[in-house]
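Visitor: Before I ask anything, here is the structure I am working with.
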């Protein structure tokens with residue numbers, strides 16, 4: 854693609870926004886790093902499970918691709 | 009499908025809706041019609057009936073807004089989140105909001121079709137959550153579909169009828185709700201199989217599975233979600249490494265993909281492969297990388313096209329059984345992988361090794377683990 858892939862912080866913010874709005878990721882500002890990354894990994898696994906992606910808990914290309922697709926704003930779990 | 013936990017369903021079947029405002033993307037009449045048809049989809053398969061109100065509060069209040077539109081769930085600008093709706097309960101329950109930073113369309117395949125987005129949101133307004141079925145209307149991501157031929161998929165029909173039951177006023181036969189093919193179905197018969205730059209693509213009805221052997225993942229998608237121009241129920245597909253293209257064949261038409269993009273100048277005719285005029289449909293195609301020959305399976309015969317010399321080979325057509333001894337049934341799909349030829353017939357896959365010697369007969373989901 855001629856468009857440079859999103860830099861890491863873009864990737865991260867895309868993922869945090871997506872998981873916060875659609876997978877109930879708690880607000881990240883005040884939690885410590887450890888708690889934050891485990892919360893993120895848990896929600897990533899839920900999302901990967903929902904979309905039948907490889908469940909790794911890590912933000913890989915396939916997972917980011919799905920996050921960038923246009924979609925409905927109703928959460929996929931615990932709506 | 010899934011429904012909202014708790015008893016989130018309307019306690020009545022006669023519901024009202026009101027369109028509070030409009031998007032500048034479409035005419036008032038187009039918005040009205042899109043909304044009406046989107047509600048009718050659900051009415052057709054349930055006892056639910058929808059009456060439009062022009063003032064006051066309706067069960068389903070429909071509006072267009074941007075960014076923070078005062079419901080606590082702000083939109084996010086163009087693309088991303090397109091709309092949302094609330095399950096059945098008092099007040100905001102049932103309401104549907106559309107992000108007017110999106111470009112909504114009435115018919116064109118570009119942008120977002122309002123009828124499709126609204127039909128999905130009204131599924132939520134009636135008590136459905138998102139479905140994991142990639143063919144379902146209630147799947148979370150937007151997938152363009154042909155709105156003229158759109159039939160509510162079975163997964164959605166089952167979901168809404170689990171809440172409200174069937175339409176008691178059913179009059180006459182309805183189009184069969186499409187079922188998403190299941191790779192665990194032992195009777196699965198594939199339409200076509202091809203390589204695509206190292207991935208294996210399995211086509212069935214309106215869907216394809218995309219298998220990445222090196223990543224160990226298999227995804228299922230609607231064909232139209234990737235290539236709106238390509239129809240479902242294709243006859244055959246093959247990859248030409250020489251042209252770095254995948255050719256997709258249905259009837260006498262041939263489309264071409266360049267990677268995941270549609271190649272320009274297609275569809276072309278099957279005659280591009282010099283097949284006799286009487287051949288108006290092929291059952292399968294196998295590309296032999298060792299000889300640059302393209303084998304066309306037509307009923308129980310094979311035509312061989314030499315891609316380098318761009319001409320049909322002499323001495324063909326030949327019976328399939330002469331070229332692939334032991335291959336008795338009709339071949340419905342074929343591909344070559346790591347030097348072996350795989351021919352699909354019914355729910356079986358025949359593996360041929362060097363000199364087209366039959367090695368194994370496998371289940372056709374050998375490459376599509378259940």
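Residue numbers (my numbering), protein chains in the order written: chain A, 854 to 932; chain B, 9 to 378. The beta carbon of each residue, even a glycine, is placed where N, CA and C say it ideally should be.
Below 8 Å, how does it come out for the stretch 181-197 of chain B and the stretch 63-73 of chain B: are there three or more Cβ pairs, yes or no?
Guide: Judged by Cβ distances under 8 Å, the stretch 181-197 of chain B makes no contact with the stretch 63-73 of chain B, as fewer than three pairs qualify.
Visitor: Smallest Cα separation from residue 3(B): which of 219(B), 299(B), 326(B)?
Guide: Outside the displayed range of chain B (9 to 378) lies residue 3(B), so it cannot be described from this structure.
Visitor: Using a Cβ-Cβ distance cut-off of 8 Å, determine whether residue 325(B) contacts chain D.
Guide: In the structure shown, chain D does not exist; the protein chains are A and B.
Visitor: Quick test of your reading: residue 889(A) and residue 872(A), contact by CB under 8 Å. State the CB separation rounded to the nearest angstrom.
Guide: About 11 Å; that fails the 8 Å criterion.
Visitor: Excluding the five sequence neighbours on either side, which residues of its own chain have a C-beta within less than 7 Å of the C-beta of residue 160(B), listed in chain order?
Guide: If we look at residue 160(B) and ignore the five residues flanking it on each side, its Cβ neighbours are 49, 53, 145, 185.
Visitor: Looking only at its chain, what residues have a beta carbon closer than 6 Å to the beta carbon of residue 263(B), apart from the 5 residues adjacent to it on each side?
Guide: 238, 256, 274, 275, listed in sequence order.
Visitor: Do residue 163(B) and residue 135(B) have their C-beta atoms within less than 8 Å of each other?
Guide: Not a contact, by the Cβ cut-off of 8 Å.
Visitor: Would you mind working out which of 296(B), 323(B), 355(B), 375(B) sits nearest residue 364(B), comparing C-alpha positions?
Guide: Residue 296(B) is the option with its Cα nearest to residue 364(B).
Visitor: Of the choices 347(B), 62(B), 376(B), whose alpha-carbon is the least far from that of residue 218(B)?
Guide: The shortest Cα separation from residue 218(B) among 347(B), 62(B), 376(B) belongs to 376(B).
Visitor: Would DSSP call residue 243(B) helix, strand or coil?
Guide: Coil at residue 243(B), not helix or strand.
Visitor: Does the beta carbon of residue 90(B) sit closer than 8 Å to a beta carbon anywhere in chain A?
Guide: So, interface residue.
Visitor: Closest Cβ-Cβ distance between residue 929(A) and chain B: below 8 Å?
Guide: Residue 929(A) counts as touching chain B.
Visitor: Would you identify the three-state DSSP class for residue 915(A), choosing helix, strand or coil?
Guide: Helix, per DSSP.
Visitor: Which residues in the same chain as residue 312(B) place their Cβ atom closer than 6 Å to its Cβ, once the five residues preceding and following it in sequence are excluded?
Guide: Excluding residues within five positions, the ones whose Cβ falls inside 6 Å are 301, 303, 321, 324.
Visitor: How long is the line joining the alpha carbons of residue 243(B) and residue 229(B), rounded to whole angstroms?
Guide: Those two C-alpha atoms are separated by around 18 Å.
Visitor: Could you tell me whether the stretch 30-44 of chain B touches the stretch 112-119 of chain B, using the rule of 3 or more Cβ pairs below 8 Å?
Guide: Touching, yes, given that three or more Cβ pairs across the two stretches are closer than 8 Å.
Visitor: Between the Cα of residue 251(B) and those of 266(B), 177(B), 272(B), 354(B), spot the shortest distance and give me the residue it belongs to.
Guide: Nearest of 266(B), 177(B), 272(B), 354(B) to residue 251(B), Cα basis: 266(B).
Visitor: Verify the contact flag: residue 113(B), CB atom, against every heavy atom of the ligand FMN, threshold strictly below 7 Å.
Guide: For the structure depicted, the ligand FMN is absent and the ligand set is empty, with no information on it obtainable.
Visitor: Against residue 148(B), what residues of chain A qualify as contacts under a CB-to-CB distance less than 7 Å, listed in chain order?
Guide: Residues of chain A passing the Cβ test: 924, 925, 929.
Visitor: Count the other CB atoms within 10 Å of the CB of residue 222(B); is the residue buried (16 or more) or exposed (fewer)?
Guide: Per the 10 Å Cβ criterion, exposed.
Visitor: Is the stretch 351-359 of chain B touching the stretch 195-207 of chain B in the sense that three or more CB pairs, one from each, lie closer than 8 Å?
Guide: With a cut-off of 8 Å, the stretch 351-359 of chain B and the stretch 195-207 of chain B count as touching, because enough Cβ pairs lie within range.
Visitor: Please tell me whether residue 11(B) and residue 170(B) are closer than 8 Å, where the distance is taken between their beta carbons.
Guide: Going by C-beta atoms, residue 11(B) is nearer than 8 Å to residue 170(B).
Visitor: So within the stretch 9-91 of chain B, which uninterrupted alpha helix (DSSP H) runs reach at least 4 residues, ignoring any that extend past its ends?
Guide: Correct list: 36-51.
Visitor: Do residue 366(B) and residue 333(B) have their CB atoms nearer than 8 Å?
Guide: Contact: yes.
Visitor: Tell me whether residue 214(B) sits in a helix, a strand or coil according to DSSP, three-state version.
Guide: If DSSP states are grouped into helix, strand and coil, residue 214(B) belongs with coil.
Visitor: If you draw a straight line from the C-alpha of residue 94(B) to the C-alpha of residue 927(A), how long is it?
Guide: Approximately 8 Å between the Cα atoms of the pair.
Visitor: Could you name the residues of the same chain whose beta carbon sits closer than 6 Å to that of residue 260(B), not counting the 5 residues immediately before and after it, in chain order?
Guide: Same-chain partners within the cutoff: 277, 278, 288.
Visitor: Alpha carbon to alpha carbon, how far is residue 290(B) from residue 64(B)?
Guide: Whole-angstrom Cα-Cα distance: 60 Å.
Visitor: Looking at the C-beta of residue 241(B), does it have a partner C-beta in chain A at a distance below 8 Å?
Guide: Not one chain A Cβ lies under 8 Å of residue 241(B).
Visitor: From the beta carbon of residue 129(B), is the nearest beta carbon of chain A less than 8 Å away?
Guide: It does: the Cβ of residue 129(B) has a partner Cβ on chain A nearer than 8 Å.
Visitor: Between the Cα of residue 6(B) and the Cα atoms of 346(B), 307(B), 330(B), which residue gives the shortest distance?
Guide: As displayed, chain B neither begins before 9 nor continues past 378, which places residue 6(B) out of reach and without an answer.
Visitor: Relative to chain A, which residues along the stretch 354-370 of chain B have a C-beta separation below 7 Å, given in chain order?
Guide: Under the 7 Å Cβ criterion, the stretch 354-370 of chain B contributes no residue.
Visitor: Give me, in chain order, the residues of the same chain whose beta-carbon lies closer than 6 Å to that of residue 227(B); leave out the 5 immediate sequence neighbours on both sides.
Guide: Hits under 6 Å: 218.
Visitor: Please report whether the beta-carbon of residue 911(A) lies at a distance below 8 Å from any beta-carbon of chain B.
Guide: Cβ-Cβ to chain B under 8 Å: no for residue 911(A).
Visitor: Grouping DSSP H, G and I as helix and E and B as strand, with all else coil, what is residue 158(B)?
Guide: Three-state result, residue 158(B): coil.
Visitor: Helix, strand or coil: how does DSSP classify residue 339(B) here?
Guide: Coil.
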